[in-house]
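Asker: For any residue, its number in our numbering is found by taking its place in the sequence shown, counting from 1, and adding 47.
A virtual CB, placed ideally from N, CA and C, is assigned to each residue, including glycine.
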Amino acid sequence: MKGLVAAGHELTAMAGREVLDRGGNAFDAALAAALASFAAEPAMTSPGGGGFLLSVTPSEAELYDFFPDVPGRGRSRTDEAEFFRADVSFSGAVQSFYIGRGAAAVPGVLKGLAVVHERRCTMELADLAAPAVRYAREGVRLTAGQARFHEILAPMLTASDEARAVFAPGGRLLGEGEILRNPALADTLERLAAGGLDAFYGGEFAGRILDSFGRRGLITAEDLSDYRVEVRRPLVFSYRDWTVHTNPPPSSGGCLVALALKILERFGVARLAPCGVEALRLRYETMRMVERRRGEGGFFASLYDGSLPGADSEAAAMAAAVAAALAGSSVVGGTTHISVVDGLGNAVSITTSNGEGCGYMVPATGIMLNNMLGEHDVNPLGFHRQGPGVRLSSMMAPTVAVGDGRRRIVLGSAGSRRIRSAIVSVLVNMIDHGLAVDRAVGAPRVHLEDGLLHVEGGIEAGVLRELEELGVPLRRWEGRDLFFGGVNAVSVDERGEARGAGDPRRGGVCR
48 MKGLVAAGHE LTAMAGREVL DRGGNAFDAA LAAALASFAA EPAMTSPGGG GFLLSVTPSE
108 AELYDFFPDV PGRGRSRTDE AEFFRADVSF SGAVQSFYIG RGAAAVPGVL KGLAVVHERR
168 CTMELADLAA PAVRYAREGV RLTAGQARFH EILAPMLTAS DEARAVFAPG GRLLGEGEIL
228 RNPALADTLE RLAAGGLDAF YGGEFAGRIL DSFGRRGLIT AEDLSDYRVE VRRPLVFSYR
288 DWTVHTNPPP SSGGCLVALA LKILERFGVA RLAPCGVEAL RLRYETMRMV ERRRGEGGFF
348 ASLYDGSLPG ADSEAAAMAA AVAAALAGSS VVGGTTHISV VDGLGNAVSI TTSNGEGCGY
408 MVPATGIMLN NMLGEHDVNP LGFHRQGPGV RLSSMMAPTV AVGDGRRRIV LGSAGSRRIR
468 SAIVSVLVNM IDHGLAVDRA VGAPRVHLED GLLHVEGGIE AGVLRELEEL GVPLRRWEGR
528 DLFFGGVNAV SVDERGEARG AGDPRRGGVC R
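Now the structure itself:
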């Protein structure tokens, strides 16, 4: 097996595929694909963002945390920071974010990729960056899905002159079939590939960040020089006969995925029709319980102080509450994911994000910084409430499930609040219902948000009517929609044969 790469864009996946074909390992392919995604998926991710890489090899499992830090080391004032609201609409479902230079946290993704390259890769950085440089310089033809996502994120992509020069040259956003070029990003990646990705945090590049984001933003020279990649032990739990590795605290996404699966495990999900009334009602009550737990006052603090109980211990009481509810009646984010396996038994799951982007570029680099300080999910205590140097918590949950023998499921998702429901959906579809990876990724999804069960198109009308009669409040969607995340997954069966699927909701492919 030469391996597979599932990613959010054809060019992202092809960058990884080319590396595998040239003898690179899964880490080489993941790094090449991640760099390529900055050019091929510029509204989803950026060198100015952050992320996580989960690796499961035959000998060990590691989680590389390079999510952004809260900025402001050595700075006494935040009242001058530029910080303003921007609303975006997913087919009528409106989400509010905050952008501006004061929304940018300390970027971590380039430092993270530098550490992974040093520790795990076998190929030269310049070779791994070559596809990304080519895509940025020659341009990428926008798909229909990308054009739609750019329209959704128009407030961010048109907030500044430098952003408009990339995303809206000529005064309007580029549309489907048009070429998006970012020659400044090509030059930046070429220079960083020669001098090291972590050169972004010092010298000329740091000077450009501080010139633009120093006064009207919060990032300081100390923030950049002190940023560190955290290598953590993954959160590990069992689900049926699989061992699941995912993102540990202080991020919340993996903990909430684990809790949902441990509750569902107690209800014999395999006997239920995947899109039937019983299964969807169970998912609804489980998501309600998990969301309630996330909203409890001590939950966020427990992610940092080590007091969070294990999913097993919490799931028992929560499952009882779900059972009681079942017996009665009930009352966007820019992210991309890459999954890679190789013939050496390595599995790599990497999720990166720029949030929605803060709207402002680092001058002359082609890089827009993140708006992680302006996302409600990342700042549950309120905006600008955490101290400088704190690693932000994230919903992202790159995941690898290990079965007996050679069986593997490597997955992760984009989609802000929808990340955990998308990952749980695909794992349940594959492990409980036995669906192949492409059918599991493509199956209709549900997601609970603001008290409404959002239901994707493809579920029978009679099932939805019965759910409403049982008291489940629904928000119906037509067809598949990018609102429900973007799961890119690879599976390996007991014979060692790999299959993969990119999420059609966000233009994903597998190569």
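At which residues does the alpha helix (DSSP H) containing glutamine 193 begin and terminate?
Answerer: By 1-based counting over the sequence shown, the position of residue 193 is 146. It spans 191-199 - the alpha helix (DSSP H) in which glutamine 193 sits, taken as one unbroken run.
Asker: Using DSSP with H/G/I as helix, E/B as strand and the rest coil, what is arginine 330?
Answerer: The residue given as residue 330 occupies position 283 in the sequence shown. Arginine 330 falls in the helix class under three-state DSSP.
Asker: Would a check of beta-carbon distances place alanine 368 closer than 8 Å to chain D?
Answerer: The chain inventory of the structure shown lacks chain D, comprising one protein chain alone.
Asker: What is the DSSP secondary structure of isoleucine 266, reduced to helix, strand or coil?
Answerer: By 1-based counting over the sequence shown, the position of residue 266 is 219. Three-state result, isoleucine 266: coil.
Asker: Compute the beta-carbon to beta-carbon distance between alanine 128 and glycine 149, rounded to the nearest angstrom, for a pair I have assumed lies under 8 Å.
Answerer: The count along the sequence shown starts at 1 and reaches residue 128 at position 81. The count along the sequence shown starts at 1 and reaches residue 149 at position 102. The pair is a contact, with the Cβ atoms about 3 Å apart (cut-off 8 Å).
Asker: Mind checking alanine 179: buried by the 16 CB within 10 Å criterion, or exposed?
Answerer: Sequence index remark: in the sequence shown, residue 179 carries index 132 (1-based). Buried is the call here.
Asker: With DSSP collapsed to three states, give me the class of threonine 92.
Answerer: Working through the sequence shown from its first residue, we reach residue 92 at position 45. Threonine 92 falls in the coil class under three-state DSSP.
Asker: When the distance is taken between beta carbons, is isoleucine 146 closer than 8 Å to tyrosine 286?
Answerer: Walking along the sequence shown from the start, residue 286 turns up at place 239. Walking along the sequence shown from the start, residue 146 turns up at place 99. Tyrosine 286 places its beta carbon 8 Å or farther from that of isoleucine 146.
Asker: Any idea which residues DSSP pairs arginine 438 with across the strands?
Answerer: On the sequence shown, position 391 is the one that residue 438 refers to. Looking at the DSSP assignment, arginine 438 forms a beta bridge with Asp116.
Asker: For leucine 306, count the other beta carbons within 10 Å of its own beta carbon; 16 or more makes it buried, fewer makes it exposed. Which is it?
Answerer: Position 259 of the sequence shown, counting from 1, holds the residue named residue 306. It is buried - the Cβ of leucine 306 has at least 16 other Cβ atoms within 10 Å.
Asker: Might you give, ordered along the chain, the residues of its own chain that have their beta carbon closer than 7 Å to the beta carbon of arginine 330, omitting 5 neighbours on each side?
Answerer: Within the sequence shown, the letter at position 283 stands for residue 330. Excluding sequence neighbours, arginine 330 sits near Val493.
Asker: By alpha-carbon positions, which one of Arg523, Glu516, Val337 ends up nearest to histidine 501?
Answerer: Numbered from 1 along the sequence shown, position 454 holds the residue referred to as residue 501. Residue Arg523 is the option with its Cα nearest to histidine 501.
Asker: Over what stretch of residues does the beta strand (DSSP E) that includes serine 136 continue unbroken?
Answerer: By one-based count along the sequence shown, residue 136 stands at place 89. Per DSSP, serine 136 belongs to the beta strand (DSSP E) from 131-137.
Asker: Which one or two residues does DSSP pair with leucine 282 in a beta bridge?
Answerer: If you number the sequence shown from 1, residue 282 lands on position 235. According to DSSP, leucine 282 bridges with Thr293.
Asker: Determine whether the beta carbon atoms of glutamate 88 and methionine 408 lie at a separation below 8 Å.
Answerer: One-based indexing of the sequence shown puts residue 88 at position 41. One-based indexing of the sequence shown puts residue 408 at position 361. No, Cβ-Cβ distance for glutamate 88 and methionine 408 is not below 8 Å.
Asker: So glycine 547 and valine 534 are supposed to be a Cβ contact under 8 Å. How far apart are they, rounded?
Answerer: What you label residue 547 is simply residue 500 of the sequence shown in a count that begins at 1. What you label residue 534 is simply residue 487 of the sequence shown in a count that begins at 1. About 11 Å separates the two Cβ atoms, so there is no contact after all.
Asker: On a Cα-Cα basis, can you pick out the residue from His384, Tyr248, Asp451 that is closest to leucine 458?
Answerer: Taking the first residue of the sequence shown as 1, we reach residue 458 at position 411. Closest option to leucine 458, Cα to Cα, is His384.
Asker: On a CA-only basis, which of Glu237, Ala240, Asp273 is nearest glycine 249? Give me that one, please.
Answerer: Within the sequence shown, the letter at position 202 stands for residue 249. The candidate whose alpha carbon is nearest that of glycine 249 is Asp273.
Asker: Hey, would you say threonine 398 sits closer than 8 Å to threonine 293, going by beta carbons?
Answerer: Within the sequence shown, residue 398 is the residue found at index 351, counting from 1. Within the sequence shown, residue 293 is the residue found at index 246, counting from 1. Going by C-beta atoms, threonine 398 is not nearer than 8 Å to threonine 293.
Asker: Rounded to a whole number of angstroms, what is the C-alpha to C-alpha distance between alanine 448 and leucine 282?
Answerer: As a first step, residue 448 is located in the sequence shown; it is residue number 401 there, counting from the start. As a first step, residue 282 is located in the sequence shown; it is residue number 235 there, counting from the start. Going from the Cα of alanine 448 to the Cα of leucine 282 covers about 12 Å.
Asker: Note down, in chain order, each residue of its chain lying with its Cβ closer than 7 Å to the Cβ of valine 378, except the 5 sequence neighbours on either side.
Answerer: Here residue 378 is taken as the residue at index 331 of the sequence shown, counted from 1. Because valine 378 carries a pLDDT of 39, less than 50, the predicted location of this residue cannot be relied on, and the following value inherits that uncertainty. Cβ neighbours of valine 378 beyond the five flanking positions: Gly518.
Asker: Quick check on the burial criterion: 16 or more other C-beta atoms within 10 angstroms. Buried or exposed for threonine 382?
Answerer: On the sequence shown, residue 382 is found 335 positions in, with the first residue counted as 1. Burial call: buried.
Asker: Where does threonine 399 fall in DSSP's three states?
Answerer: Residue numbering aside, residue 399 sits at position 352 when the sequence shown is read from its first letter. Looking at threonine 399 - three-state DSSP - the assignment turns out to be strand.
Asker: What do you get for aspartate 288, buried or exposed, if any count of 16 or more other CB atoms within 10 angstroms of its CB means buried?
Answerer: As a working mapping, residue 288 is identified with position 241 in the sequence shown. Exposed, by the Cβ-count rule.
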